[in-house]
Each structure stands twice: as C-alpha cells, then as structure tokens.
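Heads up, the thing below is written out as structure tokens.
In the working numbering, the protein residues as written are 157 to 266.
Here it is as structure tokens:
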C-alpha cells in the first residue's frame, strides 16, 4: 500500500467501541488485529526510509556534508509528517481493507 497517499488522520481521534468490534464481535480481537497490522506498516515504512537514507550514507567524517545534505533532511521530514502506523492500521481496519483470520476458529469449523 502507498502510505504517502493514505487518508488516515494525522492526529488521534476518539473511536466508538461498537465500530471497532463490528467486524470481529470482540473488541480485544479487533485491537490485536489492528496492532499486528500497525507493526507490519511500521516495518514497511522503516525499511523504505532506511533504503532511501542509505543512498546518502557517508563513510567519511566530514561535518560540512552532514549539515548541507538538504535532500536527506527533506526525506526525514516527509516521513515524520506521515500519519502514525497505528492510525493507518485503524483506518484500513475500519475500511475493511485488512484481511484477517482466526486459526482457532478455522480448526473448530473443520
């Protein structure tokens, strides 16, 4: 998913419990799903940022380069302004864009 184009809110907003538990029937299960998705999103964003910042890696100790590297600063600022992974995960969950399954329930069905 392209997190740069997400329409998730930038700040935390109050959520209704019934809205969160609607898909699973259990608020704790919903929160667990959102938490796991948030960790996935965080990992993807971190890997993408690390990959972009590696292009600017300097193996010399030149202080002038550190202060003059505007592109690196702009990339870092952009990622700082993105909505937090938890907010993106909640938005995805409420929009029913997250696939999840419960292996315990799958075993009971068989």
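Think of the CB as a built atom: it goes at the ideal place given N, C-alpha and C, for glycine as much as any other residue.
This one's a predicted model, so the numbers in the text were calculated from it and none came from an experiment.
Exercise. Nearest-angstrom Cα distance between residue 180 and residue 186?
Worked result: Their backbone Cα atoms lie some 6 Å apart in a straight line.
Exercise. With C-beta atoms as the reference, is residue 193 less than 8 Å away from residue 249?
Worked result: A contact, by the Cβ cut-off of 8 Å.
Exercise. Hey, quick one: how far does the alpha helix (DSSP H) through residue 100 stretch, first residue to last?
Worked result: Outside the modelled stretch of the chain, which goes from 157 to 266, sits residue 100, for which no answer is possible.
For this session: Measure the beta-carbon distance from residue 165 to residue 238 and round it to whole angstroms, keeping in mind my assumption that it falls under 8 Å.
Result: Contact flag wrong, Cβ pair sits at about 12 Å.
Exercise. Would you say residue 225 and residue 212 are within 8 Å of each other, going by their C-beta atoms?
Worked result: Yes, the Cβ-Cβ distance between residue 225 and residue 212 is below 8 Å.
For this session: Quick one: using the 10 Å Cβ neighbour count with 16 as the cut-off for buried, is residue 209 buried or exposed?
Result: It counts as exposed.
Exercise. Using the C-alpha atoms, what's the distance from residue 200 back to residue 252?
Worked result: Their backbone Cα atoms lie some 20 Å apart in a straight line.
Exercise. Among 232, 169, 188, 231, which has the Cα closest to the Cα of residue 254?
Worked result: It is 188 whose Cα lies nearest to the Cα of residue 254.
For this session: Determine the burial state of residue 190: buried for a count of at least 16 other Cβ atoms within 10 Å of its Cβ, exposed for fewer.
Result: Here residue 190 is buried, its C-beta having at least 16 other C-beta atoms within 10 Å.
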